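One line per chain: the protein sequences are A and B, in this order. At position 176 of the first sequence the residue is numbered 176 (the working numbering), and the sequence of numbers has no breaks. Just remember that the working numbering sits 1000 ahead of the position in the second sequence, which is counted from 1. Working notes, structure below.
There are 2 protein chains.
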Amino acid sequence: SDTNPPATVDADVIDTASQLIDTALNSSLGFDIVESLTTEVGPRLAGSEAEQRARDWGVKLGESLSFDRVSVEPFSMPFWDRGELQIALTSPYQQALYGTALGGSGTSDQPIDAPVVYFRSIHDIETVEAGSLKGKIAFIDGEFMVKSQTGAGYGEANHKRRVGWQHAERGGAQALVIRSVGSDSHRFPHTGMMSSKEDQWATIPVIAVSNPDADHLRRLHELGQTMSMRVHSTAGWKGSVSSGNVVFDLVGRDKPDEIVLIGGHLDSWDLGTGAVDDGAGVAITTAAAELIARLPHRPRRTIRVVLFGAEEVGLLGARAYAEQHADELDQHVLATESDFGAGTIWQLVSNVNAEANPVIDAIGRVIQPLGIARGGSDVPGGGPDIIPMAMQGVPTVRLNQNGMDYFDLHHTPDDTLDKIKPAELAQNIAAYAALVYIAAETDVEFRTKKDEPEASTADE
Amino acid sequence: SDTNPPATVDADVIDTASQLIDTALNSSLGFDIVESLTTEVGPRLAGSEAEQRARDWGVKLGESLSFDRVSVEPFSMPFWDRGELQIALTSPYQQALYGTALGGSGTSDQPIDAPVVYFRSIHDIETVEAGSLKGKIAFIDGEFMVKSQTGAGYGEANHKRRVGWQHAERGGAQALVIRSVGSDSHRFPHTGMMSSKEDQWATIPVIAVSNPDADHLRRLHELGQTMSMRVHSTAGWKGSVSSGNVVFDLVGRDKPDEIVLIGGHLDSWDLGTGAVDDGAGVAITTAAAELIARLPHRPRRTIRVVLFGAEEVGLLGARAYAEQHADELDQHVLATESDFGAGTIWQLVSNVNAEANPVIDAIGRVIQPLGIARGGSDVPGGGPDIIPMAMQGVPTVRLNQNGMDYFDLHHTPDDTLDKIKPAELAQNIAAYAALVYIAAETDVEFRTKKDEPEASTADE
Ligand SMILES: [Zn+2]
Ligand SMILES: [Zn+2]
Ligand SMILES: [Zn+2]
Ligand SMILES: [Zn+2]
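What follows is the structure, given as structure tokens:
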């Protein structure tokens, strides 16, 4: 291929992409979609009846728009339910704590009243001796999460959420309470999934409390106060249920088997209405594809929008998609997901065949007026639900959003529609429409033949 | 008195006041006090065991500082308890709502499951016909509260909280739900007291839901959806209990019977830890007096700090104070309260004898470097707990704080210590210290002999 001329994008394609940007910036379609999803369906916990209603909503939406095919691709999954929680400080005095169970938390058969053992960080509990926490509730504090545009502080802060329970259980604790993984200072707990260990989940209640509550516990600890808590959680696993991915296709006019895949996830945590996580992604990608569908002709390649099910509980929809489409993944020419809120996009990164970089660069120039910089061309990871297919060699790009405030809202009751700024959402849709249109209209090969892209393991 | 020379303040008094400002700006005493109160006592509902612990804390604090007299002045009061609340949307689908009972709310004997009747504003329910809401839950929406430095949007927004229940009960509703009175867009309900009507309180549950929840209900209503809710509240009145005011005195070296009174309220709503409402006021006024107490000599007049009990439920501590001190109110030469959070002070207003205005003006010049403008000299109202004594003729001044964000946090779970900026708190203490010192060192008469000042009815 050294002899091929450099990949280019025709001027009329660039023009059409620029027109799509103008159209998107003047359209309320995206906001209408996320308003409809959050209002008409509400919270949509993976595997719940509400997630089923979200799929029904998705089918109705797809059919009301200009897609050529609308389908639901079911899969089965284990259902974890939050149940009810009581949590309060009981000594040195009675005070309600604002907490919520983490995904995968176990049940307390009866209320647990126990003294608290304070750990300054996840590292301090890592060395706890087996049995030394018998009859106690462990509390893992931690530093306030670093805020950044990229969400860089999340991984470190999230360690205690992921594996804290394994140490607490080894110590024999009756329950684990952690400082929420979030960058806000509001009285909201942040939920999120724990990691299983050799397919085992926590058997004790594992609860996140808000940052102000954790601050309060820290201050009491620093005063030398002994603390006790009451914890009672009915969270737990409730057997196997059905979930599914909703798929919208715009069938390519020329190469219908070649697929440019975009999407977001349809499930949300159940505390808020999942507006920024990930109603926004559903709206951004659906609206971008719909604006392309309203052009006089379909692009050459098929554009597929996947509204993934059950992302929050372990990318279950994404894994099901990769399995169910295993025999056509080599026809997935490019994939990307929107799952980092509704903030302004500031960077385009990619991980495609080097010879296709001029096309990505051309896309970068088209969307630059939106305030988007061209970032690295060797950055793997197209979004969490893209990981399973990226691991099978599907090339990826990503439009990085400003995540400065994302972890203020992430997985809290406060993830509601009012947090989305329509103009920022429209900027996202404009960028996606231009990107996806050009990727579907070109016939350049994005796939790297030799190097498999590394998948990122970011959880969003 | 037309022949008296204009009131002035001696240069050395001005100097000392300026030194107090410097000291206050470099002191952490105020923050230490509010940290201690919110951490060691926590929430302190009027009439509760926690409010008793707050009085004990107050006595200990006063005794640990430089005051000459520390006392508790008890009074009895009816106790309203929040109890437990369940509130959820049950149709068109199941969704938790973030709500809380309003002060004075009645109890539901059993869970209420009923259709919702939507009222766009308090004005729309004012004309409801008797009996027309039988078997229903009334929901009063309303406009988003106007944000302002002065808190000007509160009165109008608060109308539905105050009297909404009277219309709902006339209509025969089983419960009333209202949009929270607050200027934030977070998933926190704002509590606060209702108004009684001819000494009667609501017999039905009256619940405030967060602004995002109210937005959600509005959107569903506008979609033409019929809504139902489940409401179950065990809130109610629990008989007579004891409360009290905590009083700290710095006895005047020259005119010990003349009292310059400052203070805040010791009780808080029970959802947060009452940091901005009104731990801040307790800290600001106590710290200001303490810094004056550390001067080589006591000022001429007595400085009294009153930590009022049971403010939130109807100025009960303030009324008790005015009654218990009725025979010495004419010796209260000036009074003011800090009860509008911990934001920067931007204005000094007053309502004193016109011949004493030069002294207030001089105070204004001393605190001007703190960014404080001299406002009106005929502005009544020294703060809510000052109302009962102002109605008996006690002259008032007020240091107006920036309330732009006050009603974001006001009466929510989010009123916690992290919301106080130490530098802003210190600016408050500096201004109070200078004001109170000069008022106590001068012998000018602030009292207006003929005109009784009008009391404002602001609830803070
Ligand atoms: Zn997500
Ligand atoms: Zn998420
Ligand atoms: Zn107050
Ligand atoms: Zn208040």
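Every residue, glycine too, gets a C-beta built ideally from N, C-alpha and C. These figures come from a predicted structure and were not determined experimentally.
*Does the Cβ of A:Val-41 have 16 or more other Cβ atoms within 10 Å, making it buried, or fewer, making it exposed?*
buried
*Measure the CB-CB distance between B:Ala-1096 and B:Gln-1174 and report whether it falls below 8 Å.*
no
_Residue-level contact to chain A via CB, B:Leu-1307, 8 Å cutoff_ = no
*Please classify A:Asp-339: does DSSP put it in a helix, a strand, or coil?*
coil
*For A:Gln-392, which three-state DSSP category applies?*
coil
_Distance, B:Leu-1315 Cα to B:Trp-1269 Cα_ = 13 Å
_Contacts around B:Leu-1025, its chain only, beta-carbon distance under 6 Å, and the 5 residues preceding and following it disregarded_ = Ala-1426, Ala-1430
*If you compare alpha carbons, which of B:Gly-1171, B:Met-1389, B:Arg-1218 is closest to B:Ala-1138?*
B:Gly-1171
*Straight-line Cα distance separating B:Ala-1054 from B:Glu-1328*: Annotation: B:Glu-1328 to B:Ala-1054 spans about 27 Å, alpha carbon to alpha carbon.
*asked:* For a cutoff of 8 Å on Cβ pairs, would you count B:Tyr-1118 as touching chain A?
replied: At least 8 Å separates the CB of B:Tyr-1118 from every CB of chain A.
_Any heavy atom of ligand 4 closer than 7 Å to the beta-carbon of B:Asp-1277?_
yes
*For chain D, is any of its Cβ atoms less than 8 Å away from the one on B:Ala-1101?*
Among the protein chains of the structure shown, namely A and B, there is no chain D.
*Contact under 8 Å by Cβ, A:Ala-293 with A:Pro-205*: no
*Just to check, is the beta-carbon of A:Asp-270 closer than 7 Å to a non-hydrogen atom of ligand 1?*
No, ligand 1 has no heavy atom inside 7 Å of this Cβ.
*asked:* Quick check on A:His-123: buried or exposed, where buried means 16 or more other Cβ atoms within 10 Å of its Cβ?
replied: exposed
_Here's the rule I'm using: 16 or more other beta-carbon atoms within 10 Å means buried, otherwise exposed. How should A:Ser-76 be labelled?_
exposed
*asked:* So, for A:Ala-342: in the same chain, excluding its five sequence neighbours on each side, which residues have a beta-carbon less than 6 Å away from its beta-carbon?
replied: Correct list, in chain order: Val-276, Ala-280, Ile-420, Glu-424, Leu-425.
*Answer yes or no: does any C-beta atom of chain A fall closer than 8 Å to that of B:His-1221?*
It does not; no Cβ of chain A falls within 8 Å.
_Can you pull the chain A neighbours of B:Tyr-1098, defined as C-beta to C-beta under 8 Å?_
Pro-413
*Can you find a C-beta in chain B that's less than 8 Å from the C-beta of A:His-232?*
no
*Buried or exposed: B:Pro-1074, going by 16 or more other Cβ atoms within 10 Å of its Cβ?*
exposed
*In angstroms, rounded to a whole number, what distance separates the CA positions of A:Trp-80 and A:Arg-374?*
40 Å
*In terms of DSSP beta bridges, what is A:Asn-158 paired with?*
None, per the DSSP bridge assignment.
*What is the DSSP secondary structure of B:Ser-1377, counted as helix, strand or coil?*
Here B:Ser-1377 sits in coil by DSSP.
*Measure the beta-carbon distance from A:Met-229 to A:Ala-50 and round it to whole angstroms, keeping in mind my assumption that it falls under 8 Å.*
With 8 Å as the limit, A:Met-229 and A:Ala-50 do not qualify as a contact, their Cβ atoms being about 31 Å apart.
_Beta-bridge partners of B:His-1265, as assigned by DSSP_ = B:Phe-1308
*Check the Cβ-Cβ distances between A:Tyr-93 and every residue of chain B, and say whether any is below 8 Å.*
yes
*At which residue ranges does the segment 206-263 of chain A contain complete beta strand (DSSP E) runs of 3 or more residues, listed in the order of the chain?*
206-209, 228-233, 236-250
*For ligand 3, any of its heavy atoms closer than 7 Å to the Cβ of B:Glu-1051?*
No, the Cβ of B:Glu-1051 stays beyond 7 Å of every heavy atom of ligand 3.
*Taking the alpha carbon of A:Pro-380 as the point to measure from, which residue in A:Leu-220, A:Val-397, A:Met-193, A:Gln-368 has its own alpha carbon closest?*
The shortest Cα separation from A:Pro-380 among A:Leu-220, A:Val-397, A:Met-193, A:Gln-368 belongs to A:Val-397.
_beta-carbon B:Asp-1339 near ligand 3 non-hydrogen atom, thresh 7 Å_ = yes
_Between B:Arg-1053 and chain A, is any beta-carbon pair separated by less than 8 Å?_
yes
*asked:* Any contact between the segment 1161-1169 of chain B and the segment 1118-1137 of chain B? By contact I mean 3 or more CB pairs, one from each, below 8 Å.
replied: yes
_Interface flag, B:His-1186 vs chain A, CB-CB below 8 Å_ = B:His-1186 has a beta carbon lying within less than 8 Å of a beta carbon in chain A.
*Kindly indicate if chain A contains any beta-carbon less than 8 Å away from that of B:Gly-1172.*
Chain A, which has no Cβ nearer than 8 Å to the Cβ of B:Gly-1172, makes this no.
*Can you find a C-beta in chain A that's less than 8 Å from the C-beta of B:Thr-1039?*
yes
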